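**Q** The numbering of the sequence shown is full-length UniProt numbering, which starts it at 1 and goes up by one.
C-beta atoms are modelled at their ideal positions from N, C-alpha and C, and glycine is treated no differently.
Here the structure is a predicted model, which is why all the values come from computation and not from measurement.
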Amino acid sequence: MRAAVLHNARDLRIEEVPDPAPGPGEVLLRPRFTGLCGSDLHFWEGGLREVLADPVILGHEFSAEIVEVGTGVADAAIRPGALVAVEPMWTCGQCAPCVRGTYNFCRNMTWHGLSPKGGGMSGLTVVRADMVHVLPESLTAVQGALVEPVSVAHHCVTRAQVPAGGTALVLGAGPIGIATYLDLRARGVERVIVSEPSADRRAALAKLADMTGGGADLILDPGAVDVVAAVRELTGGEGVDASVDAAGAEPAFHAGIAATRPGGRMVTVAVYMKPVTFHPMAAFLGGVDIVASCAYCNDFPAVIDGMVNGSYPLDGWVRPIPLEEVAAGFTALEAGTELKLLVDVQGS
């Protein structure tokens, strides 16, 4: 089968690899669409390469068709031909976080698509049966591939605890920032302010704002305005109930704390590649809770329901590319000229 194999930094090859076979409790999948994620980009750039000694098949955000079911899988819905979204965490189920139900902190975690387990940018791949979520017939394979990244956003919005009718600030309008915006709007948060330096991303978000009734006037260019001052003006001097840092840049981190109302909450969901300088008094004086949001935990079902209900429109921010263009896709993401790229693995 063909697969996108990362051998080293910026050395990604489409090549033939052996077909996998499912073991007991596992399913053989034919990936349909696979998202290019910021984590994938870091691997491609070499930023996380030190954790892997051998080549790896990329792809942890993907939808797939079940080809074969291994022995011991009792769920009748998990059958050949079913379209699924994959929750790509190989967890142990036995460590303290798993026993507590917070499996996103599993001490023995292995990520499908970021490890030797295989990945979604391949003709076939194998996962445990409990890692797949069968999709309703009304959803497409493209939507199925977005369940994973949207679940990241859904989890961080849950952590933000913004009440319906409340206010929020999203820093960064990349894919996670856009999905966070849509999730906040779906939960009834009336005023969602977004800060994003890219004109193209602001334009894409403005279309989604029109669709959700959010208002394009709440999308700020941090290069042109003082974001904290603008947020306070838009909230009657109070600040937002919660801010979400989906940018992963130090100015966004500081702006998020300063723009949050006293007693509010600032959630970091971005992956930071280097430390930030932080004075605890910045949060102390306003009683701002700084909370991290890592991946997702039991979020897939709610996101799938939201997709059925139309909460996450794809207009203007999602584009498919063929498997042969994965390397070019990473180059475009690195340059900031694309938003969300989905690899059409089977060339459908």
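1) Have a look at 317, 331, 30 and flag the residue whose alpha-carbon is nearest the alpha-carbon of residue 178.
2) Quick check on the DSSP output: the beta strand (DSSP E) that includes residue 34 runs from which residue to which?
3) Do residue 68 and residue 114 count as a contact pair if the criterion is CB distance below 8 Å?
4) Name the two residues that bound the continuous alpha helix (DSSP H) containing residue 147.
5) Kindly indicate which three-state DSSP category residue 238 falls into: helix, strand or coil?
6) Indicate whether residue 234 and residue 212 have their beta-carbon atoms separated by less than 8 Å.
7) Would you mind reading off the limits of the alpha helix (DSSP H) that contains residue 207?
8) Using CA coordinates, which residue listed in 348, 301, 309 is at the minimum distance from residue 147?
9) Using the rule of at least 16 other Cβ atoms within 10 Å of the residue's Cβ for burial, across every protein chain shown, is residue 273 buried or exposed?
10) Return the CA-CA distance between residue 238 and residue 167, expressed in angstroms with no decimal places.
11) For residue 26, which option in 284, 264, 117, 331 has the closest C-alpha, if you only look at C-alpha atoms?
12) Below 8 Å between beta carbons: does that hold for residue 295 and residue 104?
13) Just verifying my parser: in three-state terms, what is the DSSP assignment at residue 219?
14) Smallest Cα separation from residue 141: which of 85, 200, 122, 98?
15) Please report the distance separating the alpha-carbon of residue 11 from that of residue 247.
**A** Reading off the structure:
1) 317
2) 26-35
3) no
4) 141-160
5) coil
6) no
7) 199-212
8) 301
9) exposed
10) 10 Å
11) 117
12) yes
13) strand
14) 85
15) 26 Å
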